[in-house]
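Engineer: Chains as they are written, first to last, in this note's numbering: chain A, 1 to 399; chain B, 1001 to 1113.
C-beta atoms are modelled at their ideal positions from N, C-alpha and C, and glycine is treated no differently.
First the structure, which I've put down as structure tokens, then a few questions once you've had a look.
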């Protein structure tokens, strides 16, 4: 099927794993001999290794909020202000636990707390070793053991500041929710600590047509975020040459021409793009490497809105196709990124789309908060600590 | 995440991946996998039967390696993904870019050309 053609949709449903010095540094010197590492790199690396220290990082609502050095003297944790780490949480006892170094290992001990200390999801009954990158949960807080050098901490802090700037920029470009009218919107966006490449937007193309789209750049960090912002700006400003923005497949083809991954730091992105006609109540859509959006209507099974087609930028001149669906009165369209459903639970089990879908289409007393409610439900299922990827949930309600 | 690279058989290198291809998993193997295959323009098949999860970074890694190999007279073929991975790959239309086969024999035949 050529771009622009349509088809109907059926209404059916620890260790950092660094290479050893000798292994990772093998190279030929100027004389052509093989050397394992130069004196400078060995010295540098040894210094770095000796500099490694253990830290306890306090994580609240996915965000690291404090870092404490762990030493031979116990770090006490509790609700009482006399503790070394004070957690203002009703689930936390006044004196809850202590953490200290014993023979070079970090040991955590519950001090008779009421609600317990959970190491990797299991309640502590005796002092236990907390390995690097391991975590304990205390009330709603997570305490994570990180082993870092001062230099790594400084680098991380610098990166965190850059990510924070990028995150603010991405969020500033997201559209305000629409609270009234024939199409109402609600969304929730929670960037991961590393910042993924999610972005989305919506708006009227003309009096009849209304477009909505969600972009997910593969990768993390400032680069992925800035790529998503670039794509978002191109779509918002309708800056694709010779493109009818009412034709989803054409939009995807033009994006693919503009953003080949070879010219964009090997970054590609997935996108779901749809256009709703207020006149005909038809929703035309196309996807590029993206999972389906879902249309919920009263008395009907959720309708997956999917089309085939590779991610944008991966191959030259791919084939994208349009599909369309009729939008019944009071229907609700859900768009979301894979970070919303590719979740690792506290038991380490991976969940997917099948576990996520039952969270959608639930009658919500406060529809304006539905996206956040869905996120909270996802969050409860996930293991403590930040989610692995950005989580974006966009909801459109039709009158 | 574990990576096992076997000696070539009839000119085809078999790579076994074991574990989760999430962000840390990809970070752990990407450099080694790329360095092991791309410079020699390998004809490689990748056993995914023991991979429990593959995120977007894993897909990006396979695409990047496949393209680099193609420029170097090599080829990358994936095989035996579990159902969850198969679903992820179908959504991404990965098969349009990197061939995916059911088993090692058909993957090796394709890699040989």
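Which two residues bound the contiguous beta strand (DSSP E) that contains residue 100(A)?
Structural biologist: Residues 97–102.
Engineer: Taking residue 80(A) as the reference, which of 93(A), 69(A) and 74(A) has the closest Cα?
Structural biologist: Closest by alpha carbon: 93(A).
Engineer: Looking at C-alpha atoms only, which residue of 184(A), 139(A), 56(A) and 159(A) is the closest neighbour of residue 95(A)?
Structural biologist: Nearest option by C-alpha distance: 139(A).
Engineer: Does the count of Cβ pairs from the segment 312–327 of chain A and the segment 354–368 of chain A closer than 8 Å reach three?
Structural biologist: Flag = no, the segment 312–327 of chain A and the segment 354–368 of chain A do not touch.
Engineer: Can you tell me whether residue 284(A) is buried or exposed, with buried defined as 16 or more other CB within 10 angstroms of its CB?
Structural biologist: Buried is the call here.
Engineer: Since residue 185(A) is in the beta strand (DSSP E), which residue starts that stretch and which ends it?
Structural biologist: Residues 183–190.
Engineer: What's the call for residue 71(A), buried or exposed, on a 16-neighbour Cβ count within 10 Å?
Structural biologist: Per the 10 Å Cβ criterion, exposed.
Engineer: Report all residues from its chain with a CB closer than 8 Å to the CB of residue 1044(B); omit the five preceding and five following residues, and keep chain order.
Structural biologist: Once the five neighbours on either side are set aside, the close Cβ partners of residue 1044(B) are 1012, 1013, 1014, 1015, 1037, 1069, 1074, 1075, 1076, 1077 and 1111.
Engineer: Give the C-beta separation of residue 1118(B) and residue 1100(B) to the nearest angstrom, bearing in mind that I take them to be a contact with Cβ-Cβ under 8 Å.
Structural biologist: In the structure displayed, chain B extends from 1001 to 1113; residue 1118(B) sits before or after that span and is not available.
Engineer: Could you give the DSSP three-state label for residue 339(A): helix, strand or coil?
Structural biologist: Residue 339(A) falls in the helix class under three-state DSSP.
Engineer: Under three-state DSSP, which class holds residue 151(A)?
Structural biologist: It is helical.
Engineer: Contact check, residue 170(A) vs residue 229(A) under 8 Å by CB: the rounded distance?
Structural biologist: Right, the Cβ-Cβ distance comes to about 6 Å (below 8 Å), so this counts as a contact.
Engineer: Quick one, which residues of the segment 1056–1087 of chain B are near chain A if we go by CB-CB under 7 Å, in chain order?
Structural biologist: Cβ contacts with chain A: 1056, 1057, 1059, 1060, 1063, 1064 and 1084.
Engineer: Between the C-alpha atoms of residue 1093(B) and residue 1062(B), what's the straight-line distance to the nearest angstrom?
Structural biologist: Rounded to the nearest angstrom, the two C-alpha atoms are 13 Å apart.
Engineer: Residue range of the beta strand (DSSP E) that residue 1075(B) falls in?
Structural biologist: Unbroken beta strand (DSSP E) run through residue 1075(B): 1075–1079.
Engineer: Just to make sure I have the definition right: I need the residues of chain A whose C-beta is within less than 9 Å of the C-beta of residue 1004(B). Which are they?
Structural biologist: Chain A residues near residue 1004(B): none, gap ~15 Å exceeds 9 Å.
Engineer: Taking all protein chains shown into account, decide if residue 204(A) is buried (16 or more other Cβ within 10 angstroms of its Cβ) or exposed.
Structural biologist: Exposed: under 16 other Cβ atoms inside 10 Å.
Engineer: Do you know whose CA, among 116(A), 186(A), 275(A) and 257(A), lies nearest residue 248(A)'s CA?
Structural biologist: When each option's Cα is compared against that of residue 248(A), the closest is 275(A).
Engineer: Does the beta carbon of residue 1096(B) sit closer than 8 Å to a beta carbon anywhere in chain A?
Structural biologist: True, the Cβ-Cβ gap to chain A drops below 8 Å.
Engineer: When the Cα of residue 1053(B) is compared with those of 351(A), 366(A) and 371(A), which residue comes out closest?
Structural biologist: Residue 351(A) is the option with its Cα nearest to residue 1053(B).
Engineer: Could you tell me whether the Cβ of residue 308(A) comes closer than 8 Å to any Cβ of chain B?
Structural biologist: True, the Cβ-Cβ gap to chain B drops below 8 Å.
Engineer: Rounded to the nearest angstrom, what separates residue 149(A) and residue 159(A) at their Cα positions?
Structural biologist: Their Cα atoms are separated by approximately 15 Å.
Engineer: Mind pulling the chain B residues with CB within less than 8 Å of residue 317(A)?
Structural biologist: None at all; the shortest Cβ gap to chain B is about 11 Å.
Engineer: Would you mind sorting residue 104(A) into buried or exposed? The rule is 16 or more other CB atoms within 10 Å of its CB.
Structural biologist: With fewer than 16 other Cβ atoms within 10 Å, it is exposed.
Engineer: Identify every residue that forms a DSSP beta bridge with residue 128(A).
Structural biologist: According to DSSP, residue 128(A) bridges with 108(A).
Engineer: Is any beta-carbon of chain B found at less than 8 Å from that of residue 220(A)?
Structural biologist: Answer yes: the Cβ-Cβ gap between residue 220(A) and chain B drops below 8 Å somewhere.
Engineer: Is it buried or exposed for residue 279(A), if we count other Cβ within 10 angstroms and need 16 for buried?
Structural biologist: Exposed: under 16 other Cβ atoms inside 10 Å.
Engineer: What residues from the segment 274–299 of chain A come within 9 Å of chain B, judged by C-beta to C-beta, listed N to C?
Structural biologist: Listed by position along the chain: 287, 288, 289, 290, 291 and 292.
Engineer: If you count every other CB in all the chains shown that lies within 10 Å of the CB of residue 286(A), and 16 or more means buried, which is it?
Structural biologist: So residue 286(A) ends up on the buried side.
Engineer: Closer than 7 Å by C-beta to residue 113(A): which residues in its own chain qualify, once you throw out the five before and the five after it? Chain order, please.
Structural biologist: Here the set comprises 93, 96 and 97.
Engineer: In chain order, what residues of the segment 1012–1024 of chain B put their CB closer than 8 Å to some CB of chain A?
Structural biologist: If the cut-off is 8 Å between Cβ atoms, the segment 1012–1024 of chain B has 1020, 1022 and 1023 near chain A.
Engineer: Which residues does DSSP pair with residue 228(A) in a beta bridge?
Structural biologist: Bridge partners of residue 228(A): none, in fact.
Engineer: Which residue spans inside the segment 231–264 of chain A form an unbroken alpha helix (DSSP H) run of at least 4?
Structural biologist: Whole alpha helix (DSSP H) segments, 4+ residues: 248–258.
Engineer: Within the segment 1031–1083 of chain B, note down every full beta strand (DSSP E) run reaching 3 residues or more, in order along the chain.
Structural biologist: Whole beta strand (DSSP E) segments, 3+ residues: 1043–1054 and 1075–1079.
Engineer: Determine the burial state of residue 1035(B): buried for a count of at least 16 other Cβ atoms within 10 Å of its Cβ, exposed for fewer.
Structural biologist: Flag for residue 1035(B) reads exposed.
Engineer: Quick one: is residue 1111(B) near chain A, going by C-beta distance under 8 Å?
Structural biologist: With 8 Å as the cut-off, residue 1111(B) does not count as an interface residue toward chain A.
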